[in-house]
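Visitor: Sequential numbering of the sequence shown, starting at 32, is according to our numbering.
Cβ coordinates follow ideal geometry from the N, Cα and C atoms, glycine included.
Just dropping this structure here.
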Amino acid sequence: MKDVDLAALQIACRNLARGALWSEQGTPEIAVAKLAGEFMRIVATQVADVIECGRDPNIVTRAVSYLTYTHVAPVGVDVKWWFTELLTCLVELAVPSMIQTPESSAFLLDVQEGIAESLGPGED
Numbered sequence: 032m033k034d035v036d037l038a039a040l041q042i043a044c045r046n047l048a049r050g051a052l053w054s055e056q057g058t059p060e061i062a063v064a065k066l067a068g069e070f071m072r073i074v075a076t077q078v079a080d081v082i083e084c085g086r087d088p089n090i091v092t093r094a095v096s097y098l099t100y101t102h103v104a105p106v107g108v109d110v111k112w113w114f115t116e117l118l119t120c121l122v123e124l125a126v127p128s129m130i131q132t133p134e135s136s137a138f139l140l141d142v143q144e145g146i147a148e149s150l151g152p153g154e155d
């Protein structure tokens, strides 16, 4: 089993923190470092769960990077809560731990189709 690339995970959390705190006036590095540290505490649980499932723990790093470049934390929402909820959802999609019903499985087919669109045509 792979080990988590801690440096890459820290960079991903720092990039997300910088984006979440971005302002036109600039973002104090102390605030970025503090939020990135809080994100690291949050991801620790997800990394442990992914390892327990026998999967590559770097899935969590990739999920954090996906959030950084695909989603923006809403204004007025606790960014740690937002991060926890979205990360949990993404990790559940990548490393399923719940039994699905026919109704919920139908949504997974929608996600599969969306992923195929996002990735574009495959290489032959």
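Would residue 106 be called buried (16 or more neighbouring beta carbons within 10 Å of its own) or exposed?
Guide: Here residue 106 is taken as the residue at index 75 of the sequence shown, counted from 1. Exposed: under 16 other Cβ atoms inside 10 Å.
Visitor: Please state whether the Cβ-Cβ distance between residue 50 and residue 99 is less than 8 Å.
Guide: Residue 50 sits at position 19 when you count from the first residue of the sequence shown. Residue 99 sits at position 68 when you count from the first residue of the sequence shown. Cβ distance < 8 Å, so residue 50 and residue 99 count as in contact.
Visitor: Hey, is the segment 49 to 66 in contact with the segment 74 to 90, meaning 3+ C-beta pairs nearer than 8 Å?
Guide: no
Visitor: When the Cα atoms are used, what is the spatial distance from residue 83 to residue 56?
Guide: Reading the sequence shown from its first residue, position 52 is the one you call residue 83. Reading the sequence shown from its first residue, position 25 is the one you call residue 56. Those two C-alpha atoms are separated by around 43 Å.
Visitor: May I ask you to verify whether the segment 87 to 94 touches the segment 133 to 144, counting CB pairs closer than 8 Å and requiring at least 3?
Guide: no
Visitor: Under a three-way DSSP split, which group does residue 113 fall into?
Guide: Taking the sequence shown and counting its residues from 1, one reaches residue 113 at position 82. In the structure shown, residue 113 sits in a helix (DSSP, three-state: H, G or I).
Visitor: If residue 94 sits next to residue 118, beta carbons under 8 Å apart, how far is it from one beta carbon to the other, in whole angstroms?
Guide: The residue labelled residue 94 in the question sits at position 63 within the sequence shown. The residue labelled residue 118 in the question sits at position 87 within the sequence shown. That pair is a contact at about 6 Å.
Visitor: Residue 109: which of 124, 127, 33 and 69 sits nearest, CA to CA?
Guide: Within the sequence shown, the letter at position 78 stands for residue 109. For residue 109, the nearest C-alpha among the options comes from 69.
Visitor: Residue 41 to residue 35, Cα distance in whole Å?
Guide: Looking up residue 41 in the sequence shown gives position 10. Looking up residue 35 in the sequence shown gives position 4. The straight-line gap from Cα to Cα measures roughly 11 Å.
Visitor: Since I believe residue 125 is in contact with residue 113 (beta carbons under 8 Å), could you give me their beta-carbon distance rounded to a whole number of angstroms?
Guide: Start at 1 with the first residue of the sequence shown, and residue 113 comes out as number 82. Start at 1 with the first residue of the sequence shown, and residue 125 comes out as number 94. Going by Cβ atoms, the distance from residue 113 to residue 125 rounds to 19 Å, so no, they are not a contact pair.
Visitor: Kindly indicate which three-state DSSP category residue 88 falls into: helix, strand or coil?
Guide: Residue 88 sits at position 57 when you count from the first residue of the sequence shown. In this structure, residue 88 counts as coil in the three-state DSSP scheme.
Visitor: Have a look at residue 128 and residue 120 and give me their C-alpha separation to the nearest angstrom.
Guide: In the sequence shown, the residue the question calls residue 128 occupies position 97. In the sequence shown, the residue the question calls residue 120 occupies position 89. Approximately 11 Å, taken between the alpha carbons.
Visitor: Write down every uninterrupted run of the alpha helix (DSSP H) in the segment 37 to 94 whose length is 4 residues or greater and which is fully enclosed by it, in chain order.
Guide: 37 to 52 and 60 to 83
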